[in-house]
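A.B. asks:
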Amino acid sequence: MALSISAPTSSPFLPAPRQVHSLARVLHPPSDELPFARFGRLHAVVTELDVVSSFSEIVPDTVVFDDFEKFAPTAATVSSSLLLGIAGLPDTQFKSAIDTALVDGECNTMEKPGDRMSCYLTKALGNVGAELAHQVPGRVSTEIDARLAYDTQGIVQRVHELLQIYNEHDIPSERLLFKIPATWQGIEASRLLESEGTQTHLTFVYSFAQAAAAAQAGASVVQIFVGRIRDWAKNHSGDPEIDEALKKGEDQHKLISGNRASLLCSSAIFNVPGVAFPSTLL
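Everything in the sequence shown is counted per the working numbering, starting at 194 for the first residue and increasing by one.
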């Protein structure tokens, strides 16, 4: 089960002055803060899901939606990979949302195949995201096409198109985040969108320079892939036991905690008993 883990001081999906997430405190909490203490030490059978749920939020990033009531997610994400998974499922409200996009009159009138496919993708992301917004109380993060990663105006235009689709579904903009690669152009697009009041979620942050630029741009959420940085360090440092990469989020944490952005530290992939489908913990 694919998990992206963080330990929020408050929910990133509910109003708060600032939220800060620290991966290190999840993987190596102080002894007096071990979450197992909340379950009466080892007197009861406890899964990793129980422990993680005691101090974090569960946000499904999955094509299996039957367990929404059981796990009561607070927010959701929608991406091209999610759409691909939905397309392979039996008829559901989410598959219907994709089918509706594929017969959209505006898209069908476009002459260039590339433009037509981009239109279908945008419509499908918005339609599925709107369905998800009706199922969760928090925000829905929508992926921006990675092919636009080096096109500032293209990113801004795509976000505006998605906002229009969400508006047609009566989903207010404050319920939305837009997930943008943290290239220079992506960060600049984030700055422009945030100045308009549109919340952005900058991802693929691997360096302090990226985090600093993202914070200065006013991004609502900055996502640092601590797990991937750690894996790189273990494979290239010559020390298989090295854990220094976990500290790579500390400088960004100090910087961003002085700004209004949230800090989301993503780890690697874990198998967690107690859940039968992939989830992302934000």
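Ideal Cβ positions, reconstructed from N, Cα and C, are used throughout, including at glycine. Nothing here was measured: the structure is a model prediction, and the numbers come from that model.
(1) Specify the secondary structure class of LEU356 as computed by DSSP and reduced to three states.
(2) For PRO222 and VAL245, I'd like the C-alpha separation in whole angstroms.
(3) According to DSSP, what are the bridge partners of PHE476?
(4) Out of ASP344, VAL352, GLN392 and THR335, which has the shortest C-alpha to C-alpha gap to THR376?
(5) To the nearest whole angstrom, what separates the beta carbons of SER334 and LYS372, a pair I think is in contact under 8 Å?
(6) Identify which residue in GLN409, GLY307, GLY431 and ILE291 has its Cα closest to the Cα of LEU318.
(7) Could you compute how far the alpha carbon of GLN378 sits from the alpha carbon of THR393?
(8) Going by C-alpha to C-alpha distance, which of LEU325, THR302, ALA382 and ILE380 sits closest to THR267?
(9) Among GLU387, ILE364 and GLY431, which one has its Cα closest to the Cα of VAL349?
(10) For SER311, does the count of other Cβ atoms within 10 angstroms reach 16, so buried, or fall short, so exposed?
(11) Below 7 Å CB to CB, which residues in the same chain sit around GLU299 once its five sequence neighbours on both sides are set aside?
(12) Does the distance from the CB of SER413 to the CB of LEU370 come in under 8 Å?
(13) Verify whether the separation of the beta carbon atoms of ASN320 and THR285 is less than 8 Å.
(14) Could you tell me the distance, in whole angstroms, from the CA atom of GLY347 to the CA atom of ASP338?
(15) Have a look at GLY322, SER247 and ASN360 and flag the residue whose alpha-carbon is nearest the alpha-carbon of ILE279.
C.D. replies: In terms of the structure at hand:
(1) On the sequence shown, position 163 is the one that residue 356 refers to. DSSP places LEU356 in helix when its eight states are reduced to three.
(2) Taking the sequence shown and counting its residues from 1, the one referred to as residue 222 is at position 29. Taking the sequence shown and counting its residues from 1, the one referred to as residue 245 is at position 52. Per-residue confidence for PRO222 stands at a pLDDT of 39, beneath the threshold of 50, marking its modelled position as unreliable; the derived number appears in the next sentence. If you take the alpha carbons of PRO222 and VAL245, they lie about 12 Å apart.
(3) Coverage of the chain is limited to positions 194 through 475, which leaves residue 476 absent and any answer about it impossible.
(4) Mapped onto the sequence shown, residue 376 falls at position 183. Closest in alpha carbon position to THR376, among ASP344, VAL352, GLN392 and THR335, is ASP344.
(5) Working through the sequence shown from its first residue, we reach residue 334 at position 141. Working through the sequence shown from its first residue, we reach residue 372 at position 179. Sure, about 5 Å apart at Cβ, within 8 Å.
(6) Translated into the one-based positions of the sequence shown, residue 318 becomes position 125. Here the closest residue by C-alpha is ILE291.
(7) Counting from one through the sequence shown, the residue named residue 378 turns up at place 185. Counting from one through the sequence shown, the residue named residue 393 turns up at place 200. When rounded, the distance between both Cα atoms is 13 Å.
(8) As a first step, residue 267 must be located in the sequence shown, where it is residue number 74. Among LEU325, THR302, ALA382 and ILE380, the Cα nearest to that of THR267 belongs to LEU325.
(9) Translated into positions along the sequence shown, residue 349 becomes position 156. Ranking GLU387, ILE364 and GLY431 by Cα distance to VAL349 puts GLU387 first.
(10) Along the sequence shown, read from residue 1 onward, the residue named residue 311 stands at position 118. Answer is buried; the Cβ neighbour count reaches 16.
(11) The count along the sequence shown starts at 1 and reaches residue 299 at position 106. Taken in chain order, the residues that qualify are CYS312.
(12) Within the sequence shown, residue 413 is the residue found at index 220, counting from 1. Within the sequence shown, residue 370 is the residue found at index 177, counting from 1. Cβ distance < 8 Å, so SER413 and LEU370 count as in contact.
(13) Looking up residue 320 in the sequence shown gives position 127. Looking up residue 285 in the sequence shown gives position 92. The answer is no: Cβ separation not under 8 Å.
(14) Counted from its first residue, the sequence shown places residue 347 at position 154. Counted from its first residue, the sequence shown places residue 338 at position 145. Distance between the alpha carbons of GLY347 and ASP338 is about 10 Å.
(15) Translated into the one-based positions of the sequence shown, residue 279 becomes position 86. Closest option to ILE279, Cα to Cα, is GLY322.
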